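Quick note: the sequence shown uses UniProt numbering, first residue 1, plus one each step. The beta carbon of each residue, even a glycine, is placed where N, CA and C say it ideally should be. Quick caveat: nothing in here was measured; it's all calculated off a predicted structure. Worksheet: one structure, shown below.
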Amino acid sequence: MNDSCNTPWAPYTNDQLKEATGEMLTHVALLFIFLNLVRSDTTVVIDASVEFGTWEGFGTSLAWWAKAFGSRSDLADVFFTTNLVHFTGSHNQQHEVPGLGMNIVRYNVGATSYTPAPNGDVMKPSPNIRPSREVDSFWLNWYNNDPTSNSWDWTRDSNQRQMLLMAKDRGVNRFELFSNSAPWWMLKNHNPSGGENGRGNLQNWDYDSFVQYLTTVAKWYKDQHGVQWTSIEPFNEPSSYWWTPTGDQEGCHIDWVSMSEIVPNLRKKMDENDLRDVLLSNADENNYDMSIATWPEISDEARDNIGRINSHGYSGTGGNRVGLYNISVDAKLKVWMSEYGDGNEDGATMARSIMYDFYYLRAVGWVYWQVLDESKWGLIDANNDDLSLSGPHNKYFTLAQFSRHVRPGMKIISTTSDVTVAAYSREENLLVLIAMTDVPNTFTFDLSAVPGVYKKAERWTTTFDDKKRYFKEEPLQVTDKILKDSLEANSMKTWELRGSSPQLYRPSPIVYE
Numbered sequence: 001m002n003d004s005c006n007t008p009w010a011p012y013t014n015d016q017l018k019e020a021t022g023e024m025l026t027h028v029a030l031l032f033i034f035l036n037l038v039r040s041d042t043t044v045v046i047d048a049s050v051e052f053g054t055w056e057g058f059g060t061s062l063a064w065w066a067k068a069f070g071s072r073s074d075l076a077d078v079f080f081t082t083n084l085v086h087f088t089g090s091h092n093q094q095h096e097v098p099g100l101g102m103n104i105v106r107y108n109v110g111a112t113s114y115t116p117a118p119n120g121d122v123m124k125p126s127p128n129i130r131p132s133r134e135v136d137s138f139w140l141n142w143y144n145n146d147p148t149s150n151s152w153d154w155t156r157d158s159n160q161r162q163m164l165l166m167a168k169d170r171g172v173n174r175f176e177l178f179s180n181s182a183p184w185w186m187l188k189n190h191n192p193s194g195g196e197n198g199r200g201n202l203q204n205w206d207y208d209s210f211v212q213y214l215t216t217v218a219k220w221y222k223d224q225h226g227v228q229w230t231s232i233e234p235f236n237e238p239s240s241y242w243w244t245p246t247g248d249q250e251g252c253h254i255d256w257v258s259m260s261e262i263v264p265n266l267r268k269k270m271d272e273n274d275l276r277d278v279l280l281s282n283a284d285e286n287n288y289d290m291s292i293a294t295w296p297e298i299s300d301e302a303r304d305n306i307g308r309i310n311s312h313g314y315s316g317t318g319g320n321r322v323g324l325y326n327i328s329v330d331a332k333l334k335v336w337m338s339e340y341g342d343g344n345e346d347g348a349t350m351a352r353s354i355m356y357d358f359y360y361l362r363a364v365g366w367v368y369w370q371v372l373d374e375s376k377w378g379l380i381d382a383n384n385d386d387l388s389l390s391g392p393h394n395k396y397f398t399l400a401q402f403s404r405h406v407r408p409g410m411k412i413i414s415t416t417s418d419v420t421v422a423a424y425s426r427e428e429n430l431l432v433l434i435a436m437t438d439v440p441n442t443f444t445f446d447l448s449a450v451p452g453v454y455k456k457a458e459r460w461t462t463t464f465d466d467k468k469r470y471f472k473e474e475p476l477q478v479t480d481k482i483l484k485d486s487l488e489a490n491s492m493k494t495w496e497l498r499g500s501s502p503q504l505y506r507p508s509p510i511v512y513e
């Protein structure tokens, strides 16, 4: 009898043990390699001697959400202060958020009026446009161009005006007036949503009327309410062909030839109406590639009258940001990313887009489209038609990581990573750093080229899975001008460092100034 057959366990031979051990070591090695693949170490050099312009601010367009919720002072506090703000949603839901501290507002001068013209003509609205997206026009008809006549009604658009003025009272200091469409009666088909087949809809004999409308509204707000406009933007995504009679918002295709005629006339009219210090921005195309295409196609005279390049950011994380930046350098103009929105509630795509707008586009202003909206497009979920209001999406806190810390007047300085932002205030000896990551990552920031002595960093984290929302962490020590910190996967972090005894340095010339 073989005794080994009756034993509960038979020992491995030496060869079997070697084979098993080899397999185990192979698995351990593979696991080690995998962990190193998903964990990253990033070293970033911050150089305050290389500047990319003075930051002008974060902001929002008003338009639909302000038409709906423009009387809400608590919402003005949410978006235009840095206070800790309580606001009440539908069904008496209570919410508390850190204010975003926006300082840019874009006011939408509207195109809609249901008041018949003297000859009986009426507006022909799209069957698909919702009431919340029909923004009031002040100029009701062509009968009289005198803004004190009955052809004008300055009591309209009261909610958007109220939010504009509450923003002003809370310290907003940059105001842009923009148009999605000329008033209905200036349009070929009387439909503010667009022309047939997405073609041009503004009657050429009303180019001057359109120019007068924009300048009259700007001057009225300046004279009556003390609004010091920063800029006027006459066109919204003008090269796009989706502005049709069945669209779901106001819009108007404007071709390059028409732009070239309108822009110089608008500049002249602005100067005649005591708006000489107001910039004329152009052209709010849908994305960076379209902005690049438009610039060389408008006339030299039109380009000479443009004071800032605006572009929407619906390229997301794609698009030729560097190409548009190069155009701005050649033209000696600053750039605003003047409209961004997405339907991703976690904020990850938005955060990366902002990073790229800092790093590649070198934008000095950044504007979210509708801070209150549905289908995850708003920073806070809201329905602008039934006025229901819910809580903030995670991307609200993602934006807070930027807007509460990179403040107007700070210099945007050089970093060696496109998923980081660095801003510096010499006056306050304040350095702000922001980083994001998809995988667990240890960031090492080399601050040797930044003036000042830094001992600790205050820090805030937001994760893209809702687990941490602008979470304040314990301060971190800074040693020998090295800041080293770990980020968990799918997260972003903001650091504030206040220095002392700043060193003297001479920065390189600022690109935009």
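Item                                                                                                                  : Value
Exposure of I254, with buried meaning 16 or more beta-carbon neighbours within 10 Å                                   : buried
Close Cβ partners of N320 (< 8 angstroms) along its chain, the five nearest in sequence each way excluded             : Y288, D289, I292
Nearest to S491 (by Cα), restricted to the options R498, G499, P475, F471                                             : F471
Secondary structure of G323, DSSP reduced to three states                                                             : helix
Rounded C-alpha distance that separates E237 from E474                                                                : 45 angstroms
For L399, three-class secondary structure by DSSP                                                                     : helix
Rounded separation between S338 and Y325 - CA only                                                                    : 14 angstroms
Cβ contact (3+ pairs, closer than 8 angstroms) linking the region 446–464 and the region 372–386                      : no
Buried versus exposed, by CB contacts within 10 Å (16 or more), Y143                                                  : exposed
Outcome for W205 when other beta-carbon atoms lying within 10 angstroms are tallied against a minimum of 16           : exposed
Stretch-stretch touch, CB-based, cutoff 8 angstroms, three pairs: the region 76–93 with the region 344–359            : no
Coarse secondary structure for E196, derived from DSSP in three states                                                : helix
Rounded C-alpha distance that separates E134 from Q160                                                                : 12 angstroms
heavy atom of the ligand HEM below 7 angstroms from I254 C-beta                                                       : Summarising the ligand content, the structure contains no ligands, and the ligand HEM is consequently not present.
Inter-residue Cα distance where the pair is T479 and Q228                                                             : 45 angstroms
CB contact check: Y356 to chain C, cutoff 8 angstroms                                                                 : In the structure shown, chain C cannot be found, because there is only a single protein chain.
Cα-Cα separation, L276 to V97                                                                                         : A quick correction: the sequence has Arg, not Leu, at residue 276. Cα-Cα distance, rounded: 39 angstroms.
Range covered by the beta strand (DSSP E) that runs through R106                                                      : 104–109
Rounded straight-line distance, which links the Cα of G365 to that of T54                                             : 9 angstroms
Other residues of its chain near M270: CB distance less than 8 angstroms, five sequence neighbours each side excluded : T215, A218, I232, R276, V278, L280
Continuous alpha helix (DSSP H) stretch holding M492: start and end                                                   : Run containing M492: none in the alpha helix (DSSP H); it sits in the beta strand (DSSP E), 491–498.
L431 and L497 closer than 8 angstroms at C-beta                                                                       : yes
At least 3 beta-carbon pairs within less than 8 angstroms: the region 76–92 vs the region 153–172                     : yes
Closest Cα partner of D47 within the set G226, S448, E427                                                             : S448
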